[in-house]
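Undergrad: Each residue of the sequence shown is one higher than the one before, counting from 453 in the numbering used here. Quick reminder that beta carbons are idealized off the backbone N, C-alpha and C, glycines included. Note that this is a predicted model, so its numbers are computed, not measured. Sharing a structure here in structure tokens format.
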Amino acid sequence: MDSGWIPDGFRFSYNHSMLWLISHAILLSALAFDPPTPLFVDQSIKDIAAAQALEVRVQNAQAKVRGACVGLEILDTLGPKSSGSGTIISKDGWIMTAGHVCGIPNLDVTIYFMDGTTAKGKTAGLYWDGLKDCGMIRFDPIGRDLVAAELGSMEEIEEGDWIISFGHTYGIEKDPFRPPVLRLGRMLGVNDGVILMDAPLSSGDSGGGVFDLDGRLVGINSTAGQEPSQNSATTIDFAKSRMTDMQQSAAQGKDADLEREGKHEKSGPNQRQVVIQMPSGKALYKGEEKNLQGIAHAVDQAILMTVGVFVDGKIVCYGTVADASGFILAKASEVRKTSKDLMIALPDGLMVSGKRFAVDQELDLVLIKTSEELEVPNFFIDTTPAVGALLVTVGRDGSPLAFGVRSLDEYRPGRSDVTASYLGVRVRESSPEERSQHGDRSGVILMQVPPGMPAGRAGLRAGDFVTRIAGILVATQADLGEAVRKHAAGEVIEVIRLKDDQEEVIRVRLAARPREFGPPPSTPNFPASKRTSGFGPVIQHDTTLRSDQIGGPLVDLNGNIVGVNIARVDRTKSYALSSAVVKSAIDRLMAQAKDRTEPLPIEDPLMSGIAILQDGPLIRLDANSAEIIGATLRFTQVEDTPSALDAWVDSNDSARWLVEFTKPGDYAVTIVQSCAEDCAGQEFEVSFAETTLKGKTEATADWSDFKSVGIGSIHVEAIGRAIIEVRTGGWLKGPLMNLHGIELKRTS
């Protein structure tokens, strides 16, 4: 799959068997977890030696059990119905998974083993009742040398213990095959057959195994909460208590009954969901302060290479010292091309101005020049960390910011990057006859162009002959995906189509990939980066970072700089470029910079965007044509609900549109918004030229129920281009609103 299109089968495959999401709207089940008992043993990381010992145990445990972890595709007569994960628990062909992955007994299953080979199986029985969620699958093991996980017991694990979890996040990647993904966390509590843990999970991880560091299966991934550290699993003890019934194809539990009767709603505001009540304290969490203090010496060598990058007074990303002569490496898509106000916060706290001197579009890196002498960079390029290695992200205060484990061997991001940019077309290769008709030029034929998606909104249509996308020749759907992935959602790219044998330039603003169910891949507290794919091979790790914390060094426990963080991708993963890749990029960028006497030009925002041309008295400014400013606000397209800008939880975020007015006069301004009652009444502003309109959000039935709110009028003095921007009116008590768009109606 590539970034231009989401096949229908894949859309459904990670929606049906999603991890049930925390919801403030509907309460199915709430669990209260007791504080640690007096028998609690402190498993915090006390020093580097303890961290290294933990790393060895993680690596040994994952090597022991990973071969037992499988991907599952549940089939019906129409093909793949859902997907999830599981664990082989016996060499005679039994797999443990989640009940909601099975759905009902006796469905066909395709099983994907660690090496990418497959087998056929059948769903057996299940128990599914809120957070208690387990099931079994049977297959023929003949001719296979299977790895089977040892079943553990909750008597062998205590609150605070380290655990590892596996799953096929966002579906099974097949071309090339992606092995099950490793995550590290701690067991935060257990109650009534449910483990609470902070190992990050999302859609597709359902049914994957949770293991102690001796490699024993202690839980089954069940539920993802609002944030990456809020997740639950069904205990192996509860699953074992139901195993005989499940092996005999019994389907038990309230949710299993609803599924069997066809009454289980999979989407929309009436969806049955669960609430996880987290422990009130943070003493047990992976990212607790005690753990970070224990690994503090790992970042000693990298502190002087870590800087902050500020645009218009707000931090947008971290940066890494690239050269002692004053050059900084940062994430290009987060550094605006339209602002002169670019500042660098050096390790000693000094703020200095910066200028953009070179860009590596493929790796999303920008080289920024300052006037200061800096520390000589020291990248460790002789080796790369192994799967299970503990990796530390350096903070700007001279201490570790966060840590995680390497989740996969060298990985080239594939279809699981659900936050990748999106064009919204499906294409086929052109035939020799079609190429001959267009002067023997190569290209693709657009087969499907949904009118509401970016390409359709820009004027592309089915049947168009397209030769280039973002300056890259395209001959296949894969070429299209590669071209799109090298740009961030919100960026404007050029698509070249042939019309009457003439090249026509169509400018398209890319959108975020539409999402249809399941936990949001980007969360308010840990938003994804603007650009999350297209970098080539990366180091995938499970460190929980914000988008404005990307761009700094990544070190191992010996303090070696093994890479530079390049993207926060979703709630389960971050990407880094290896030191070898970074060092090569710096050499190329420095060569470019030395040939320049002036910095890269600043783009005029009135000329660099896509202007919405007025056509009649009513101008509609829709969410998917907005330019998003900020780290948290995002565009979301969920099936059967209007597209909107959501996760508006940062008071510094804003959205703006470039409008080309063809008629002067007065225009009434209406906001099309939704807002839950407990968040209503918050102030926002709409600015145009020297005019600022103030309004307050109004309550709607829920976040998917939109209403129009009039806030006043603006006067357009003359025809031409102008920017209309929506921003917050002050401190936020919760999400500002979901914004479907703005309507401007000419009244005089």
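Is V751 near V1007, with beta carbons less than 8 Å apart?
TA: Contact flag set, yes.
Undergrad: Give the DSSP-derived three-state secondary structure of H620 in the structure shown.
TA: Three-state result, H620: coil.
Undergrad: Based on DSSP bridge pairs, tell me the residues matched to L1029.
TA: V1016, per the DSSP bridge assignment.
Undergrad: Within its chain, find whatever has a CB closer than 6 Å to the CB of G806; leave out the 5 residues flanking it on each side and keep chain order.
TA: The answer, listed in chain order, is L794, I796, I820 and T822.
Undergrad: If you follow the beta strand (DSSP E) that H1192 is in, where does it begin and where does it stop?
TA: Element bounds for H1192: N1190 to R1198.
Undergrad: In terms of DSSP beta bridges, what is C586 paired with?
TA: Paired residues: Y579.
Undergrad: Across which residues does DSSP place F591 in a beta bridge pair?
TA: Answer is G573.
Undergrad: Measuring alpha carbon to alpha carbon, tell me which of L842, L756, K1115 and D1067 ends up nearest L1009.
TA: Closest by alpha carbon: L842.
Undergrad: At which residue ranges does the region 786 to 826 contain complete beta strand (DSSP E) runs of 3 or more residues, listed in the order of the chain?
TA: With a minimum length of 3 residues, the continuous beta strand (DSSP E) runs that stay inside the region 786 to 826 are 794 to 797, 803 to 805, 807 to 812 and 817 to 821.
Undergrad: Do L665 and V857 have their CB atoms nearer than 8 Å?
TA: Taking 8 Å as the Cβ cut-off, L665 and V857 do not qualify as a contacting pair.
Undergrad: In terms of residues, what are the limits of the beta strand (DSSP E) holding M649?
TA: V646 to M649 is the extent of the beta strand (DSSP E) around M649.
Undergrad: In this structure, does DSSP put N743 in helix, strand or coil?
TA: N743 falls in the helix class under three-state DSSP.
Undergrad: Are there 16 or more other CB atoms within 10 angstroms of the CB of I1171, so buried, or fewer, so exposed?
TA: By the 10 Å Cβ count, I1171 comes out exposed.
Undergrad: DSSP on G1164, reduced to helix/strand/coil?
TA: G1164: strand per DSSP, three-state reduction.
Undergrad: Restricting to runs no shorter than 3 residues, where is the beta strand (DSSP E) found entirely within the region 623 to 690?
TA: Runs found: 633 to 643, 646 to 649, 661 to 664, 668 to 676 and 683 to 687.
Undergrad: If F855 sits next to T995, beta carbons under 8 Å apart, how far is it from one beta carbon to the other, in whole angstroms?
TA: That belief holds up - the Cβ atoms of F855 and T995 are roughly 6 Å apart, short of 8 Å.
Undergrad: Would you kindly check if the distance between the Cβ of E602 and the Cβ of L669 is under 8 Å?
TA: Yes, the pair counts as a contact, with Cβ atoms nearer than the cut-off.
Undergrad: Going by DSSP, what residues sit across from H993 in a beta bridge?
TA: BP columns for H993 point to R858 and S1026.
Undergrad: Return the first residue and the last residue of the beta strand (DSSP E) that E525 is part of.
TA: Where E525 is concerned, the enclosing beta strand (DSSP E) stretches over C521 to D528.
Undergrad: Looking at C-alpha atoms only, which residue of E525, I615, V1101 and M757 is the closest neighbour of I1081?
TA: If we check each option's Cα against that of I1081, V1101 comes out closest.
Undergrad: From L479 to K706, what distance separates their C-alpha atoms?
TA: In this prediction, L479 scores a pLDDT of 31, lower than 50, which makes its location untrustworthy; no coordinate-derived value is stated.
Undergrad: Taking DSSP as the reference, what is the three-state secondary structure of K1115?
TA: Coil at K1115, not helix or strand.
Undergrad: Short of 7 Å in beta carbon distance, which residues of its chain neighbour L1184, apart from the five on each side in sequence? Order them along the chain.
TA: So the qualifying residues of the chain are V1101, S1103 and Q1134.
Undergrad: Does DSSP put I1080 in a helix, in a strand, or in coil?
TA: Of the three classes helix, strand and coil, the one that applies to I1080 here is strand, per DSSP.
Undergrad: State the DSSP-derived secondary structure class of I1054, mapped to helix, strand or coil.
TA: I1054 falls in the coil class under three-state DSSP.
Undergrad: Under a three-way DSSP split, which group does V1090 fall into?
TA: Three-state result, V1090: coil.
Undergrad: DSSP three-state label for E610, please.
TA: Three-state result, E610: coil.
Undergrad: How about R590 and A576: do their beta carbons lie closer than 8 Å?
TA: Yes.
Undergrad: Could you check the C-alpha separation between N743 and G1011 for me, to the nearest Å?
TA: Going from the Cα of N743 to the Cα of G1011 covers about 16 Å.
Undergrad: Specify whether the region 525 to 543 and the region 494 to 506 touch according to this definition: at least 3 beta carbon pairs, one from each stretch, less than 8 Å apart.
TA: These segments do not touch.
Undergrad: Counting pairs of beta carbons, one from the region 982 to 991 and one from the region 1024 to 1032, are three or more of them closer than 8 Å?
TA: These segments touch.
Undergrad: Using a 10 Å radius around the Cβ and a threshold of 16 neighbouring Cβ atoms, would you call L802 buried or exposed?
TA: Exposed, because fewer than 16 other Cβ atoms sit within 10 Å of the Cβ of L802.
Undergrad: Which word fits G1193, buried or exposed, when buried means at least 16 other C-beta atoms lie within 10 angstroms of its C-beta?
TA: It counts as buried.
Undergrad: Just to confirm my understanding: we take A935, look at its own chain, exclude 5 residues before and 5 after, and list those with CB closer than 7 Å. What are they?
TA: I921, A922, I924 and V926, listed in sequence order.
Undergrad: Which stretch, first to last residue, makes up the beta strand (DSSP E) that contains K1146?
TA: Counting along the chain, the beta strand (DSSP E) containing K1146 begins and ends at T1143 to K1148.
Undergrad: With burial defined as no fewer than 16 other Cβ atoms inside 10 Å of the residue's Cβ, what is the status of I609: buried or exposed?
TA: With 16 or more other Cβ atoms within 10 Å, it is buried.
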